[in-house]
Amino acid sequence: GEALRKALELRYGLMPYLYTLAWQASHQGLPLMRPLFWADPANETLWEIENEFLLGENLLVAPCLQPGQKQRSVHLPAGTWIDFWDGEAHEGPGAITLDTPLNRVPMLVRSGVILPMEQNGLLALHVFAVPDTSGTSLLYSDAGDGYGPWRLDRFSLSSSDEGLVLDWETEGEFSFPQEEVEIAFHGSPPHEALVDGTSAAIENARLRCRPFKRLEARFAR
Numbered sequence: 227g228e229a230l231r232k233a234l235e236l237r238y239g240l241m242p243y244l245y246t247l248a249w250q251a252s253h254q255g256l257p258l259m260r261p262l263f264w265a266d267p268a269n270e271t272l273w274e275i276e277n278e279f280l281l282g283e284n285l286l287v288a289p290c291l292q293p294g295q296k297q298r299s300v301h302l303p304a305g306t307w308i309d310f311w312d313g314e315a316h317e318g319p320g321a322i323t324l325d326t327p328l329n330r331v332p333m334l335v336r337s338g339v340i341l342p343m344e345q346n347g348l349l350a351l352h353v354f355a356v357p358d359t360s361g362t363s364l365l366y367s368d369a370g371d372g373y374g375p376w377r378l379d380r381f382s383l384s385s386s387d388e389g390l391v392l393d394w395e396t397e398g399e400f401s402f403p404q405e406e407v408e409i410a411f412h413g414s415p416p417h418e419a420l421v422d423g424t425s426a427a428i429e430n431a432r433l434r435c436r437p438f439k440r441l442e443a444r445f446a447r
């Protein structure tokens, strides 16, 4: 019961990401679920992996397929991949071993990615990043029917001398539905941040703020 509840919470939490993937599928023909070798086609080992998959371009899922399984080997494409659950960074290509408790599906996120999720009715932007990383992520939204006004949020992550810079650009006429967003840092959490030039407190690797144009996060020296 508890494991099922957590799985359903995760599914609904990922809806902003899944809705964006569905929009990409309708416009670009890209499937939501993709084989692992799409992330690193030159790695012949990944062509043989059938028990892991990519959900979109940036989320690697390695489900447990055996009853009572406590651990499993996870093959990583090239690049840095950050554990969705504990924030530990792993370097690919190569294989790692992860614990597989019943209530936690092994998942890793490519470094440089902002994963949009919904938590308690609030949009949460999960920043998966280590120093010297960069990347661009998208969030598509509309009224939920695929018609009428729409909105495309583009999050560009880059490195700075002191930490990370997150730029937020928007196009479309669909209004942003919330006054606040939550930012959650995974991988290398910063100790302080500036949101459009104003200092913002980070507690437990999270902060809340109004929608912004630029967020500058600084690592502890």
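Under my numbering, the first residue of the sequence shown carries the number 227, and numbering increases by one thereafter.
Glycine included, every Cβ here is placed at the ideal spot set by N, Cα and C.
Residue i: first and last residue of the uninterrupted alpha helix (DSSP H) it sits in
i, result
"T326", "That residue, T326, is in no alpha helix (DSSP H); it is neither H nor E in DSSP."
Coil, strand or helix - residue i by DSSP
i, result
"E278", "coil"
"Q250", "helix"
"L262", "helix"
"W376", "strand"
"L332", "Per the sequence shown, the amino acid found at residue 332 is Pro instead of Leu. If DSSP states are grouped into helix, strand and coil, P332 belongs with coil."
"L244", "helix"
"L256", "coil"
"T306", "strand"
"E429", "strand"
"E270", "helix"
"H301", "strand"
"R440", "strand"
Beta-carbon proximity of residue i to residue j, cut-off 8 Å
i, j, result
"A443", "L390", "yes"
"E278", "A288", "yes"
"A315", "G413", "yes"
"L392", "V353", "yes"
"L351", "F400", "no"
"T326", "Q295", "yes"
"M343", "Y245", "no"
"R440", "D422", "yes"
Element boundaries [beta strand (DSSP E), containing residue i]
i, result
"R237", "Run containing R237: none in the beta strand (DSSP E); it sits in the alpha helix (DSSP H), E228 to G239."
"C290", "Careful: C290 lies outside any beta strand (DSSP E) and carries neither H nor E."
"F505", "Past the edges of the chain, shown from 227 to 447, lies residue 505, and the structure says nothing about it."
"G370", "That residue, G370, is in no beta strand (DSSP E); it is neither H nor E in DSSP."
"E388", "Unbroken run through E388: none, as it is neither H nor E."
"H417", "Looking at the DSSP string, H417 is not in any beta strand (DSSP E), and its letter there is neither H nor E."
Local Cβ density within 10 Å of residue i, reported as buried at 16 or more and exposed below that
i, result
"R336", "buried"
"A355", "buried"
"M333", "buried"
"T306", "buried"
"F402", "exposed"
"L291", "exposed"
"A265", "buried"
"Y172", "This structure cannot settle anything about residue 172, because the visible part of the chain is limited to 227 through 447."
"Y373", "exposed"
"G282", "buried"
"T396", "exposed"
"S386", "exposed"
"L348", "exposed"
"D312", "exposed"
"A369", "exposed"
"G398", "exposed"
"A321", "exposed"
"H253", "exposed"
Cross-strand partners of residue i (DSSP beta bridge)
i, result
"T396", "D379"
"H316", "W307"
"V339", "F354"
"G361", "L383"
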